[in-house]
Structure formats: structure tokens, C-alpha cells
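Undergrad: The structure's right below; bear with me while I get my questions together.
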Amino acid sequence: MNIVFLVCGAMLVAASIITTYRLLAGPNSLDRLVAVDMLVALCLCGLAAWAAYSRDTTVVSAVVALALLGFIGSVSITRYRVSDTETGTSGP
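Just so we're aligned: 48 in the UniProt record's numbering is position 48 of the sequence shown, and the numbers increase by one with no gaps anywhere.
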């Protein structure tokens, strides 16, 4: 189980690094929004992996709360997002 947890952690760290690059270098705001949503999903996966590894179910409530917060945040930002063409920023 230790090796599986280490491999899972390494994959989550690699995905976080790639996602952080997209967050910082994204050409438009929609790419950045997707990157932030992906980072929230990676945090969810990390907490779920920790709950499975430690066999501790107290983390599950935090996973559910973070999932709800990520969903509501993504929907609300997408709803009120101004298009990049309206602000004068041009994409590729």
C-alpha cells in the first residue's frame, strides 16, 4: 500500500505542476479558470487518497465540502465571466 500511495502522490504532484504552469501561462481567462478548477480537483484527489491510505473517514466531510465549494465557484465565475474580446485581450 505504501508504494501505491507514493506513486499516487507523485502523479498528483506532477499533475499539479503542469496545471500550475497552465494557470500562470494561460493565454486567456478561461484557461486559467479551468486550471483553478483542476487544482481543486487535484486537492480532492489528494485528500481522498490520504483518507484511503490512513483509513480515516473524518477527511471525507472536507472532501465533500471542497467539492461543493469548487462546483459553486466554477459555476458562479463562469456565469459572470466577461469575454476576453470585450476586455480587449486577444487570444491565439
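Heads up, the beta-carbon is just placed ideally off N, CA and C, and yes, glycines get one too.
Can you find the residues in the same chain that come closer than 8 Å, C-beta to C-beta, to glutamate 61, ignoring five residues on each side of it along the sequence?
TA: One detail in the question is off: residue 61 reads as serine in this sequence, not glutamate. Cβ contact annotation for serine 61 (same chain, cutoff 8 Å, sequence separation greater than five): none.
Undergrad: Going by C-alpha to C-alpha distance, which of Ala10, Thr78, Ser29 sits closest to leucine 42?
TA: Ala10
Undergrad: Is the segment 4-24 close to the segment 43-58, with three or more CB pairs under 8 Å?
TA: yes
Undergrad: In three-state DSSP terms, what is methionine 1?
TA: coil
Undergrad: Mind checking alanine 14: buried by the 16 CB within 10 Å criterion, or exposed?
TA: exposed
Undergrad: Quick one: Cα of threonine 20 to Cα of alanine 35, how far?
TA: Between threonine 20 and alanine 35, the C-alpha separation is close to 7 Å.
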